[in-house]
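Have a look at the structure below before the remarks.
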Amino acid sequence: MSTRLLVTGGAGFIGSNFVHRWCELYPDDHVVVLDALTYAGNIANLASFVGQENFRFVQGNICDRELVDKLLEEENINIVAHFAAESHVDRSIMGPGAFVQTNVVGTFTLLEAFRQHWEANSKNGDFRFLHVSTDEVYGSLGTDDPAFSETTPYAPNSPYSASKAGSDHLVRAYYHTYGMPTIITNCSNNYGPYHFPEKLIPLMCINTLIGKALPVYGDGKNVRDWLYVGDHCSALDVVIHRGLPGETYNIGGNNEVKNIHLVEMLCELMDELAPDLPVRPAKKLITFVKDRPGHDRRYAIDATKIKTQLGWTPSIKVEQGLRLTVEWYLNHRDWWEVLLSEEYKAYYRENYR
Ligand code: NAD
Ligand code: TYD
């Protein structure tokens, strides 16, 4: 049986990168994207596939059980790659309700629908439910703490990470209770093409290009482990093809950087690559602002398990990945300019007031 893949959230940042890679590498597979096209979803991210024979886009909500049942059945899906989520910590602080609805209730709805579909068809092939989650479920590390491993206890601190933790627990329970072939991945901060402007790296790139302040939260010494999105997608490919049901795999970039250092690196790249910056050197725009409430100090991933058991390691160092990313934002002004909508500006004013 060839792979018939349902990608939820495939019009978002990581989901669309995943679809690009999958469709290029496996042109005989059938790919269906289910995406509600919230503020973070963008059909332009998938423009090159719409209308192609082995690809179908469906605008819809993962909480809509009837729709999910219909898609699983009608498209004869055997693999679900579940990316759909509310994904931005700052928005979860302003309004947690949507996070519980999509991340917890939506994941539960998908699990129930997939359970019914899998029970009815499991004799006909290899089924997988891949749940894409985050390292933020493990909480915050001190400077000298060991990196998060798959056995680190969950300690989520934001409504976002708590809702993702809730969904991870449900996914785990469906393996243990029903034997459903689920796999969970917990990855570190992604960056790269198609990243929505509200997140740190695209926000700094775009603000530099339009001459706006670069808001660094608190003292700027929070640490994130940066994973280039192409590396993340290659890890997910390996997990789908070779990962074991019931397992969790941590995926990291081996690139721990303090926020302020990362922003300075971006400024230097902008000075080098962008000929007509409104403010130069770009560093002059760096502004320290009030810290995010409950801001986790440090995230770091120990990716030993996926390396030793599945043979995957990240290939892109942060200096190289940032250069690729800056070049992408410089060459795709049309893509991001339309995203600076009234809704985005209202969110921005509220978050940074
Ligand atoms: P994103 O916000 O860019 O995209 C999310 C997508 O899901 C959007 O296209 C949106 O329209 C869609 N969506 C939201 N609610 C939906 C619903 N109810 N029904 C159907 N579609 C819905 O997010 P992303 O950065 O691409 O993240 C993808 C996944 O990876 C998420 O589950 C996130 O928690 C996880 N993750 C992301 C990062 C990161 O650095 N971006 C890190 C770790 C884990
Ligand atoms: P973000 O991209 O929101 O990812 P996450 O909160 O999921 O790690 O933020 C990355 C880091 O950058 C985090 O420590 C918060 C910080 N940050 C800023 O300093 N300023 C900003 O404007 C944003 C959006 C984030």
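Terminal number for the sequence shown in the working numbering: 608, no gaps in between.
Just so you know, even glycine gets a beta-carbon here, dropped at the ideal spot from N, CA and C.
Residue 505 places its beta carbon 8 Å or farther from that of residue 422. Judged by beta-carbon spacing, residue 525 lies within the 8 Å limit of residue 581, meaning their Cβ atoms are closer than that value.
Sixteen is the threshold: since fewer than 16 other Cβ atoms of the shown chains lie within 10 Å of the Cβ of residue 593, the residue is exposed. According to the DSSP assignment, residue 419 belongs to the alpha helix (DSSP H) that extends over 414-433. Relative to ligand 1, residue 555 has its C-beta separated by 7 Å or more from all heavy atoms.
A direct Cα-Cα distance of roughly 17 Å separates residue 449 from residue 575. In the DSSP secondary-structure assignment, residue 553 is bridged to 478. With a cut-off of 7 Å, the C-beta of residue 534 is classified as distant from ligand 2, since no heavy atom of the ligand falls inside that distance.
Within 7 Å of the C-beta of residue 447 there is not a single heavy atom belonging to ligand 1.
For residue 362, the uninterrupted alpha helix (DSSP H) run begins and ends at 362-376, by DSSP. Using a Cβ distance threshold of 8 Å, residue 474 and residue 569 do not count as a contacting pair. Between the alpha carbons of residue 364 and residue 536 lies a gap of roughly 50 Å. Sorting 543, 507, 518 by C-alpha distance to the C-alpha of residue 561 places 507 at the top. Leaving aside the five residues that flank residue 556 on each side, the residues in its chain whose CB is nearer than 6 Å to its CB run, in chain order, 390, 402, 403, 443, 480, 505, 507. In the same chain as residue 498, and ignoring 5 residues on each side of it, the C-beta atoms closer than 7 Å to its own belong to 438, 504, 565, in chain order.
Per the coordinates, the alpha-carbon of residue 326 lies some 37 Å from the alpha-carbon of residue 606. Residue 472 has its Cβ nearer than 7 Å to a heavy atom of ligand 2. Look at residue 445 here: in three-state DSSP terms it is strand.
According to the DSSP assignment, residue 599 belongs to the alpha helix (DSSP H) that extends over 597-607.
A residue is called buried when at least 16 other Cβ atoms come within 10 angstroms of its Cβ; residue 306 does not meet this threshold and is exposed. The DSSP assignment places complete alpha helix (DSSP H) segments of no fewer than 4 residues inside the segment 263-288 at 268-280, in order along the chain. Here the C-alpha atom of residue 320 lies approximately 48 Å from the C-alpha atom of residue 528.
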